[in-house]
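Chains P and A supply the protein sequences, listed in that same order. The first sequence: position 174 = 174 (our numbering), numbered continuously. So the number in our numbering is just where the residue sits in the second sequence, counting from 1, plus 267. Just so it is clear, CB atoms sit at the ideal spot from N, CA and C, and this is done for glycine as well. What follows is a short report on a single structure.
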Amino acid sequence: MKTKDVVIGITTAILLLVIAIAIILGGTGWTPLTEIRLLAKFYLENCFNLFDKNYWAASPEAVSAMLWDYRGIDTYYETAVFFLAVISGVALFRIAEVKVGAISSMRRELGLSIIVKTVTRIAFPLIITVSASVALHGHLTPGGGFQSGSMMAVAFLTAIAAFSRYFIEENLKLTKDNFLTLRSVGLITIAILALAPILAGSIALMQNQAKPWSSTPSFPEALGILWTAGSIFYYNLAEFLTVGAGFTLLFLLISIPEEEFRRILRL
Amino acid sequence: MSLFAASLITFTLTIGALFTYLAIKSRDLLKATIFSAAQSATYALIFFLLMAPDIVLAYIAVAIGIYTVILLYIISKTERYEEVES
């Protein structure tokens, strides 16, 4: 690396340091704000207020309550956009009817070295477990559907990188159609959960807990000893399946070897 | 915000800027992608220090895992080294 590059890099770093110090000392006002804004105050006072249940979401996690209750339509559209992205990816790759296990005889040579494979073998179930716990605890602790779904996709991604895609298709017996089904199940669950209040007679789409002006019943706050925060737990679970299976599906498609594509196009 | 957290954010941002600079300057696209992932790691730490754990969980998975791998996939379809302009 040239001296000029180092000088430019260090100058940029010093400039950024000076700007950051200026901001921290209050150059543009305090960030984050020291006083709570009105909207934040509303969420903090209402989302798990056991004494005044008029506007509550039954979820101790304010962010999940906002995502799936107060501003649920927003997340619904986000899911719809992601659905369109995945479905266009699948449509682009629809020519590929890849033969599963085309080169299973050379499976031992596929993938990375034995060290990477061993580490991945340990890490793969751990990442899946963590992502499931983030999804199942999404209404209680930080996290939620999208976060846990992308974590699950990363687990499959490491498996594809370390063992090749044939590991998922043959050893785990999960093909691209399985992931498509999983994703559709998640999406249909979200749609049913969103429409359920309307079918029960409410005027609000995605209503979780009953509001003072509505006459419809609210989702049960808990199933026995399991606190589900109304519908938020189910939404998180469905979004976990949707995002995780959607991303994994795309990775399975882009990891098809190029020779396979050429062979199919030539036929 | 405590002074410790503030100085930690400043320090992390500086390292992030250094990685950004290296990612832009690097002619080797593979190295540039790895520098970009390192920059994402520093930003994830900043999100954590700014008390946004929900963002951190999504950001780590997407910016360090998925984004990096998609870039590596694209690089595998083209050349690894950027052409040097005269």
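Worksheet item: Just to confirm, are P/A20 and A/L280 a CB contact at a threshold of 7 Å?
Response: yes
Practice prompt. Using only alpha-carbon positions, find the residue among P/L16, P/F179, P/L126 that is nearest to P/I87.
Written response: P/F179
Practice prompt. Identify the contact partners of P/I36 in chain A, using a Cβ-Cβ distance below 7 Å as the criterion.
Written response: Going along chain A, no residue has its Cβ under 7 Å from P/I36, so there is no contact; the nearest lies around 13 Å.
Item to complete: Determine whether the Cβ of P/I24 lies closer than 7 Å to any Cβ atom of chain A.
Response: yes
Discussion item. Does the segment 127 to 134 of chain P come into contact with the segment 109 to 119 of chain P, if we say contact requires no fewer than three beta-carbon pairs (one atom in each stretch) closer than 8 Å?
Written reply: no
Fill in: Nearest-angstrom Cβ-Cβ length linking A/R294 and A/V351, presumed shorter than 8 Å
7 Å
Worksheet item: If you follow the alpha helix (DSSP H) that P/S202 is part of, which residue opens it and which one closes it?
Response: Where P/S202 is concerned, there is no enclosing alpha helix (DSSP H), given that its DSSP letter is neither H nor E.
Worksheet item: From P/I114 to P/A123, what does the alpha carbon distance come to, in whole angstroms?
Response: 14 Å
Discussion item. Could you check whether the segment 313 to 326 of chain A touches the segment 139 to 159 of chain P, counting it as contact only if at least three pairs of C-beta atoms, one from each stretch, sit closer than 8 Å?
Written reply: yes
Discussion item. Can you tell me whether P/I8 is buried or exposed? The criterion is at least 16 other CB atoms within 10 Å of its CB, across all chains shown.
Written reply: exposed
Practice prompt. Can you give me the start and stop residues for the alpha helix (DSSP H) that P/N236 sits inside?
Written response: 232 to 254
Discussion item. Using a Cβ-Cβ distance cut-off of 7 Å, determine whether P/P305 contacts chain A.
Written reply: One cannot answer for residue 305 of chain P here, as it falls past the ends of chain P, which runs 1 to 267.
Worksheet item: Roughly how many whole angstroms lie between the Cα atoms of P/S214 and P/E239?
Response: 27 Å
Worksheet item: For P/A80, which option in P/A191, P/I203, P/L250 has the closest C-alpha, if you only look at C-alpha atoms?
Response: P/A191
Discussion item. Against chain P, does A/A325 count as a neighbour if the rule is that its beta carbon must be under 7 Å from one of theirs?
Written reply: yes
Worksheet item: With 16 other CB atoms within 10 Å as the buried threshold, where does P/D69 fall?
Response: buried
Fill in: Minimum Cβ-Cβ distance from P/M151 to chain A less than 7 Å
yes
Fill in: P/V7: contacting residues in chain A (beta-carbon distance under 7 Å)
Within chain A, no residue comes near P/V7; the closest Cβ sits about 11 Å away, beyond 7 Å.
Worksheet entry | Boundaries of the alpha helix (DSSP H) in which P/S150 is found, first to last residue | 145 to 163
Discussion item. Rounding to the nearest angstrom, what Cα-Cα distance links P/A62 and A/A319 in this structure?
Written reply: 12 Å
Fill in: Where P/D69 falls: helix, strand or coil (DSSP)
helix
Worksheet entry | Neighbourhood of P/L174 by C-beta distance below 7 Å, restricted to the same chain and skipping five residues each side | I168
Item to complete: Could you check the C-alpha separation between P/L265 and P/R183 for me, to the nearest Å?
Response: 28 Å
Practice prompt. In the DSSP assignment, find the alpha helix (DSSP H) that holds A/K344 and state where it starts and stops.
Written response: 334 to 344
Item to complete: Could you work out which residues of chain A lie near P/V154, taking near to mean beta carbons separated by less than 7 Å?
Response: A328, G332, I333
Worksheet item: Are the C-beta of P/V63 and some C-beta of chain A separated by less than 7 Å?
Response: yes
Item to complete: Sort P/K4, P/A210, P/G246, P/T242 by Cα distance to P/Y55 and report the nearest one.
Response: P/A210
Discussion item. Beta carbons nearer than 8 Å to chain A: which residues of the segment 126 to 147 of chain P have them?
Written reply: V134, P142, G143, G144, F146, Q147
Worksheet item: What residue from P/L25, P/T11, P/I10 has the CA that sits closest to A/I276's CA?
Response: P/L25
Worksheet item: Using a C-beta cutoff of 7 Å, does A/Y288 count as contacting chain P?
Response: yes
Discussion item. Against chain A, does P/A20 count as a neighbour if the rule is that its beta carbon must be under 7 Å from one of theirs?
Written reply: yes
Discussion item. Between P/R121 and the ligand HEM, is there a pair consisting of the residue's CB and a ligand heavy atom that are separated by less than 6 Å?
Written reply: Only the bare structure without any ligand can be found here, which leaves the ligand HEM out of the picture.
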